[in-house]
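Peer 1:
Residue numbers (our numbering): 332 to 419.
(1) Kindly identify the DSSP beta-bridge partner or partners of residue 374.
(2) Going along the chain, which residues of its own chain have a beta-carbon closer than 8 Å to the beta-carbon of residue 379, five neighbours each way excluded?
(3) What's the gap between the Cα of residue 372 and the Cα of residue 392?
(4) Is it true that the region 359 to 376 meets the region 332 to 341, where meeting means three or more beta-carbon pairs spaced less than 8 Å apart?
(5) For a test of the three-state rule: what should DSSP assign to residue 340, helix, strand or coil?
(6) Looking at the unbroken beta strand (DSSP E) that takes in residue 358, where does it start and where does it end?
(7) Tell me which residue opens and which closes the beta strand (DSSP E) that residue 408 is part of.
(8) If I'm right that residue 402 touches residue 358 with Cβ under 8 Å, what's the distance once you round it to whole angstroms?
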């Protein structure tokens with residue numbers, strides 16, 4: 332849906348309906364996904380006391396992966412609108 336939102340924002344600008352929009356989204360895994368990976372032993376457990384050190388995908392001492400969520404937002408702006416405000 333995030334990609335759809337960005338595409339819809341671009342379309343609104345192309346149609347001349349908007350000059351500037353914020354578009355994006357977020358993703359969060361359902362708790363059942365974490366439970367399945369935990370049952371497989373795929374999640375990091377060696378660093379439970381220091382979770383800030385657990386995510387180390389390229390480290391020889393890694394012991395599994397760390398699940399997370401994320402999000403992002405783009406500013407989608409019509410070119411002449413951006414130039415008028417001095418964007419470079």
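Here a beta-carbon is modelled for each residue, glycine too, at the ideal position from N, C-alpha and C.
Peer 2: So, from the data block:
(1) Counted from its first residue, the chain shown places residue 374 at position 43. Partner(s): 396.
(2) As a working note, residue 379 is residue 48 in the chain shown. Cβ within range, chain order: 385.
(3) Taking the chain shown and counting its residues from 1, the one referred to as residue 372 is at position 41. Taking the chain shown and counting its residues from 1, the one referred to as residue 392 is at position 61. C-alpha separation (whole angstroms): 16 Å.
(4) They do not touch, by the three-pair rule.
(5) As a working mapping, residue 340 is identified with position 9 in the chain shown. DSSP places residue 340 in helix when its eight states are reduced to three.
(6) Along the chain shown, read from residue 1 onward, the residue named residue 358 stands at position 27. Taken as a continuous stretch (DSSP letters only), the beta strand (DSSP E) holding residue 358 covers 351 to 358.
(7) For this step, residue 408 is matched to residue 77 along the chain shown. Per DSSP, residue 408 belongs to the beta strand (DSSP E) from 401 to 408.
(8) Position 71 of the chain shown, counting from 1, holds the residue named residue 402. Position 27 of the chain shown, counting from 1, holds the residue named residue 358. So it is a contact: roughly 7 Å between Cβ atoms.
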